[in-house]
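Have a look at the structure below before the remarks.
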Amino acid sequence: MLRVYDNHGHYWRRTVGNFTTIPQYFKENGYHTVSVGKVFHPDLYPIEKIKLPPDHELPANLPPVAWNPWVDIRIRHDASLLNVSFPYGPLPVDFQVDPVQRKEVLHQYPRPSTTPQGNSDQPRLRDIRIMGYSMLSRFYRYTEWIGFNSTDFHRNWTNVYARELYNLSSDPREDNNVADLPEYKEIVSALSLRLQELVEAK
2 MLRVYDNHGH
12 YWRRTVGNFT
22 TIPQYFKENG
32 YHTVSVGKVF
42 HPDLYPIEKI
52 KLPPDHELPA
62 NLPPVAWNPW
72 VDIRIRHDAS
82 LLNVSFPYGP
92 LPVDFQVDPV
102 QRKEVLHQYP
112 RPSTTPQGNS
122 DQPRLRDIRI
132 MGYSMLSRFY
142 RYTEWIGFNS
152 TDFHRNWTNV
162 YARELYNLSS
172 DPREDNNVAD
182 LPEYKEIVSA
192 LSLRLQELVE
202 AK
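In structure tokens, the structure reads:
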């Protein structure tokens with residue numbers, strides 16, 4: 002990290018390199034930049050002669066994501082990808098009425114065997130025999146280690162090598178696997194079904 006006082010009077014580009022400046026970056030990427038620095042030197046440039054950018058107002062019904070008061074949004078590539086009609090118009094009423102939302106995060110971990118070996122963390126596809134599917138929700142992390150066929154990518158949910166369940170409210174560091182405790186039996190069953198549903202969803 003470079004601090005100005007570490008620079009010992011040298012021009013900063015000699016220390017950090019000749020990189021693009023932030024204003025230059027914005028200019029090169031479709032933004033219109035306006036300098037109003039001279040406003041603070043009215044004796045050099047009378048303020049009434051300075052052309053200030055106009056005060057823009059947010060058009061009615063325009064989603065905020067599409068609003069940029071300094072650029073005509075219609076000419077921007079990212080805006081053309083939005084489902085918004087131009088000149089400015091609202092998003093369609095039925096836009097994402099029923100969006101796909103999940104309350105869980107999924108992870109998968111390939112393994113070549115039940116015991117650690119040299120390529121356990123990064124096995125070749127042909128060596129994968131077990132796949133760990135993990136689901137993180139607000140209160141639990143649940144993982145099933147199941148049989149996996151690396152040729153046809155078949156998941157064998159009936160061949161369970163191991164299960165892990167961590168109660169994040171009492172064990173945020175995930176140090177205590179409670180999957181085999183009787184009081185968590187129903188939770189394990191419910192999370193197992195949900196995990197299979199999410200992984201197999203197409």
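Taking this note's numbering, the leading residue of the sequence shown gets 2, the next gets one more, and so forth.
Glycine residues also receive a C-beta, built at the ideal position from the N, C-alpha and C atoms.
Hey, is residue i's beta-carbon within less than 8 Å of any beta-carbon in chain D?
{"i": "residue 115", "result": "As a matter of chain content, chain D is missing from the structure shown, which is built from one protein chain."}
Within its chain, find whatever has a CB closer than 6 Å to the CB of residue i; leave out the 5 residues flanking it on each side and keep chain order.
{"i": "residue 108", "result": "135"}
{"i": "residue 192", "result": "143"}
{"i": "residue 88", "result": "The pLDDT assigned to residue 88 is 49, lower than 50, so where the model puts this residue is not dependable, and the model offers no usable value."}
{"i": "residue 178", "result": "165"}
I'd like to know whether the C-beta atoms of residue i and residue j end up nearer to each other than 8 Å.
{"i": "residue 105", "j": "residue 137", "result": "yes"}
Could you tell me the boundaries of the alpha helix (DSSP H) in which residue i lies?
{"i": "residue 197", "result": "186 to 201"}
For the candidate residues the options, whose alpha-carbon lies nearest to that of residue i?
{"i": "residue 197", "options": "174, 178, 129 and 144", "result": "144"}
{"i": "residue 188", "options": "146, 167, 172 and 30", "result": "167"}
{"i": "residue 159", "options": "178, 169, 177 and 132", "result": "132"}
{"i": "residue 126", "options": "31, 177, 152 and 139", "result": "152"}
{"i": "residue 161", "options": "121, 148, 29 and 182", "result": "148"}
{"i": "residue 155", "options": "171, 201 and 32", "result": "201"}
{"i": "residue 146", "options": "31, 30 and 116", "result": "116"}
Which residues bound the beta strand (DSSP E) around residue i?
{"i": "residue 112", "result": "106 to 112"}
{"i": "residue 145", "result": "141 to 150"}
{"i": "residue 159", "result": "155 to 168"}
{"i": "residue 134", "result": "131 to 137"}
In chain order, what residues of the same chain have a beta carbon less than 7 Å from the beta carbon of residue i, not counting five sequence neighbours either side?
{"i": "residue 43", "result": "Confidence is the limiting factor: at residue 43 the pLDDT is only 49, short of 50, which leaves the residue's position unreliable, though a coordinate-based value still follows. Taken in chain order, the list of residues that qualify is empty."}
{"i": "residue 180", "result": "164, 165, 166 and 189"}
{"i": "residue 120", "result": "113 and 128"}
What does a CB cutoff of less than 8 Å around residue i pick up in its chain, not counting 5 residues either side in sequence?
{"i": "residue 199", "result": "103, 105, 107 and 136"}
{"i": "residue 139", "result": "104 and 169"}
{"i": "residue 124", "result": "111, 112 and 113"}
{"i": "residue 142", "result": "135, 136, 165, 166, 167, 169 and 175"}
{"i": "residue 157", "result": "147, 148, 149 and 150"}
{"i": "residue 130", "result": "112, 113, 114, 148, 149 and 151"}
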